[in-house]
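Colleague: Chains A and B are the protein sequences, given in the same order. Just so we're aligned: the first sequence equals residues 3 to 175 in the working numbering. Just so we're aligned: the second sequence equals residues 164 to 492 in the working numbering.
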Amino acid sequence: MNNVNLEVDALLDTLAAGLKKEIKRRGVHSPAMIGIHTGGGWIAQQLHERLGLSEPLGLLDISFYRDDFSQIGMHPRVKPSSLPFSVEGRDLLLIDDVFYTGRTIRAALNEIFDYGRPAQVILGVLIERDGRQIPIQPDCVGARVALAPHQRIKLKGPSPLRLVTRSLETEPV
Amino acid sequence: MTVHRNDLQLDAEGRLRHFLSIDGLSKTLLTSIMDTAESFTGVAERNVKKVPLLRGKTIANLFFENSTRTQTTFELAAKRLSADVLSINIATSATSKGESLLDTIRNLEAMHVDMFVVRHAASGASHFIARNAAPHVSVINAGDGRHSHPTQAMLDMFTIRRNKGDFGDLKVAIVGDILHSRVARSQIHALNILGAREVRVVAPRTLLPTKVEQLGVSAFHNLDQGLRDVDVVIMLRLQKERMRGALLPSEHEYFNCFGLTEDRLRHAKPDVIVMHPGPINRGVEIDSRVVDGPHSVILQQVSYGIAIRMAVMSMAIHSEAKAAGGGAG
């Protein structure tokens, strides 16, 4: 792994600054934020405070939209999604902890569009690692890390929030 | 037909493979069905009332016995999961021309159906189909004879949980024709598994099974006593044919003794909820004012029925992980 400081608080500062800049650049006035359950929800909670957003935070559980349902079946602990605002015509900040293959974001976008048609979606993630499998990428990141395919990085929380890396014993299929 | 419960419903890892009856299932599993249903309740309130979970799967509704509400909610649940649904009207199908049940199943399997939802007048019919179905096919019991109606019981439990929270403090009275009711049987199992404080059955002696206490209930033959301090009242439909079977004197007399009225409901706790699986006979087992009154959660039951059926179907349907997990069931 390359030499990146994985201190969550510092990464949140970088990500919050990046989002502010992107919001300004696009001329967005009152964005609504959605975190992806579980880790993305914790990160979104922190960012929501740092950006001082007025609209309550939305939470998305993408279990019903995963593209691997026919392989792995139902996730045993699905949480209800809750979007306490209308997404129709809204500028959305979509937040996740780790961006890896891009499949989670694809599922999240599919779910969001079933609630309505947002004006735009800005994607912010705490960590972007390599391994992208579909043409989706974040707009703002806390840090980019280079990991070998057998390495994993995961956010533990909710308090304290910390990033842990580990190696799988065998190469993933 | 003998009903074999054993582990037909679960795979080697304890995951739901078929959903045939409540008894034999754990509190953890029943709770996880309700938790999953909780996540599905929001789907109906969105722009697009569908999730793509069962896209590409085919579900066949086999209703050998009529039931508008159950069939409709199963069909809607499957459609909200993006499955393709076949509702086969057995009365006009090949079965009525003499085709055997197994031949019907084999034909549908050859059409690559992934799940059967079965309603049948014979107890054990869905167990029979589950035992004989191809390994990738799941079976959901939508009511078999007097035996079991597990999705109805689960939607009732879900309605209770959403209104009352924890089961441990609850006194529940089930009122009416317990003897002929597959719904009551499934409810009693579910309430006991979930740890309800007290489950009462209230009915005339002719409509209670002998040794009903062995199911883990206390029996009452007087409605006012049975309702005293209960948190939940579940009314059962009185099937009119029971009058002809000499089990009951008359509708009028039944209503006088066992019909739920606002006056009688005062014996229960002030925040009691009143449930009924439908269809309702207004003025026979329950007064219209109670049906439409503030304690009634009867229409909630219908909405929650869709979420529960979505949960059960998505949990039971075949996945590659289940296939790899071994040949249980």
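Glycine included, each C-beta is placed from N, C-alpha and C at the ideal position.
Would you report the Cα separation of residue 489 of chain B and residue 199 of chain B, rounded to the nearest angstrom?
Modeller: Low confidence applies here, because residue 489 of chain B scores a pLDDT of 44, under 50, leaving its location unreliable and the question unanswered by this model.
Colleague: Would you grab the beta carbon distance between residue 478 of chain B and residue 243 of chain B for me? Rounded to a whole angstrom, and I think it's under 8 Å.
Modeller: About 15 Å; that fails the 8 Å criterion.
Colleague: Is there at least one Cβ from chain A nearer than 8 Å to residue 478 of chain B's Cβ?
Modeller: yes
Colleague: I need the DSSP call for residue 341 of chain B, collapsed to helix, strand or coil.
Modeller: coil
Colleague: For residue 335 of chain B and residue 394 of chain B, which I take to be in contact (beta-carbon distance under 8 Å), what is that distance rounded to the nearest angstrom?
Modeller: Contact between residue 335 of chain B and residue 394 of chain B holds, since their C-beta atoms are separated by about 7 Å, short of 8 Å.
Colleague: Taking the straight line between their C-alpha atoms, what separation do you get for residue 161 of chain A and residue 51 of chain A?
Modeller: 16 Å
Colleague: Where in the region 260–323 of chain B do unbroken runs of the alpha helix (DSSP H), each at least 4 residues long, occur, reported from the N-terminal end onward?
Modeller: 264–273 and 288–295
Colleague: For residue 93 of chain A, decide whether its Cβ has a neighbour in chain B, counting only Cβ atoms nearer than 8 Å.
Modeller: No, because no Cβ of chain B sits closer than 8 Å to the Cβ of residue 93 of chain A.
Colleague: List, in order along the chain, the chain B residues whose C-beta lies closer than 7 Å to that of residue 169 of chain A?
Modeller: Going along chain B, no residue has its Cβ under 7 Å from residue 169 of chain A, so there is no contact; the nearest lies around 23 Å.
Colleague: So, with DSSP's three-state summary, where would you put residue 24 of chain A?
Modeller: Reduced to three states, the DSSP call for residue 24 of chain A is helix.
Colleague: List the DSSP bridge partners of residue 75 of chain A.
Modeller: Residue 75 of chain A is not bridged to any residue.
Colleague: Kindly list, in the order they appear in chain A, the residues whose Cβ is closer than 9 Å to that of residue 205 of chain B.
Modeller: Within 9 Å Cβ-Cβ: 82, 83, 84 and 85.
Colleague: Are the region 188–208 of chain B and the region 458–472 of chain B touching, with three or more C-beta to C-beta distances below 8 Å?
Modeller: yes
Colleague: Expressed to the nearest angstrom, what Euclidean distance is found between the alpha-carbon atoms of residue 170 of chain B and residue 350 of chain B?
Modeller: Straight across, the Cα-Cα distance linking residue 170 of chain B with residue 350 of chain B is about 20 Å.
Colleague: What three-state label does DSSP hand residue 62 of chain A in the structure shown?
Modeller: strand
Colleague: Residues of the region 46–72 of chain A in Cβ contact with chain B at a cutoff of 7 Å, in chain order, please.
Modeller: 63, 66, 67, 71 and 72
Colleague: Since residue 196 of chain B and residue 460 of chain B should fall inside the 8 Å C-beta cutoff, what is the C-beta to C-beta distance between them, to a whole number of angstroms?
Modeller: 19 Å between Cβ atoms; not a contact.
Colleague: What does residue 216 of chain B touch in chain A if you count any residue whose Cβ is under 9 Å from its own?
Modeller: Those are 65, 66, 67, 68, 71 and 76, listed as they occur along chain A.
Colleague: Taking buried to mean at least 16 other C-beta atoms within 10 Å of its own C-beta, is residue 312 of chain B buried or exposed?
Modeller: It counts as buried.
Colleague: I need the straight-line Cα distance from residue 47 of chain A to residue 93 of chain A, nearest angstrom please.
Modeller: 18 Å
Colleague: Strictly under 8 Å for the Cβ-Cβ distance: is residue 7 of chain A near chain B by that measure?
Modeller: no
Colleague: Could you have a look at residue 230 of chain B and say whether DSSP puts it in helix, strand or coil?
Modeller: Here residue 230 of chain B sits in coil by DSSP.
Colleague: Using a Cβ-Cβ distance under 8 Å, would residue 491 of chain B count as near chain A?
Modeller: Residue confidence for residue 491 of chain B is low, a pLDDT of 33 falling below 50, so the modelled location carries little weight; the figure read from the coordinates is stated next. With 8 Å as the cut-off, residue 491 of chain B does not count as an interface residue toward chain A.
Colleague: Apply the 10 Å Cβ neighbour rule to residue 142 of chain A and answer buried if 16 or more other Cβ atoms are within range, or exposed otherwise.
Modeller: Buried, by the Cβ-count rule.
Colleague: List the residues that DSSP assigns as beta-bridge partners of residue 143 of chain A.
Modeller: A:127
Colleague: When the Cα atoms are used, what is the spatial distance from residue 445 of chain B to residue 71 of chain A?
Modeller: If you take the alpha carbons of residue 445 of chain B and residue 71 of chain A, they lie about 44 Å apart.
Colleague: State the Cα-Cα distance for the pair residue 168 of chain B and residue 39 of chain A, rounded to the nearest angstrom.
Modeller: Residue confidence for residue 168 of chain B is low, a pLDDT of 46 falling below 50, so the modelled location carries little weight; the figure read from the coordinates is stated next. Their backbone Cα atoms lie some 37 Å apart in a straight line.
Colleague: Given this structure, state the Cα-to-Cα distance separating residue 179 of chain A from residue 44 of chain A, to the nearest angstrom.
Modeller: Given a span of 3 to 175 for chain A in the structure shown, any question on residue 179 of chain A remains unanswerable.
Colleague: Once DSSP output is grouped into helix, strand and coil, what is the label at residue 424 of chain B?
Modeller: Note: residue 424 of chain B maps to coil in three-state DSSP.
Colleague: Could you give the first and the last residue of the continuous alpha helix (DSSP H) run that contains residue 485 of chain B?
Modeller: 483–487
Colleague: Does any C-beta atom of chain A lie closer than 8 Å to the C-beta of residue 448 of chain B?
Modeller: False, the Cβ-Cβ gap to chain A never drops below 8 Å.
Colleague: Can you list the residues of chain B that residue 118 of chain A reaches, using a CB-CB cut of under 7 Å?
Modeller: 210
Colleague: Taking any Cβ of chain A, which residues in the region 177–203 of chain B have a Cβ under 9 Å from it, in chain order?
Modeller: 178, 179, 195, 198, 199, 201, 202 and 203
Colleague: For residue 441 of chain B and residue 363 of chain B, I'd like the C-alpha separation in whole angstroms.
Modeller: 20 Å
Colleague: Report the rounded CA-to-CA distance for residue 263 of chain B versus residue 282 of chain B, giving the unit in angstroms.
Modeller: 16 Å
Colleague: Quick check: what's the CA-CA separation for residue 329 of chain B versus residue 193 of chain B?
Modeller: 13 Å
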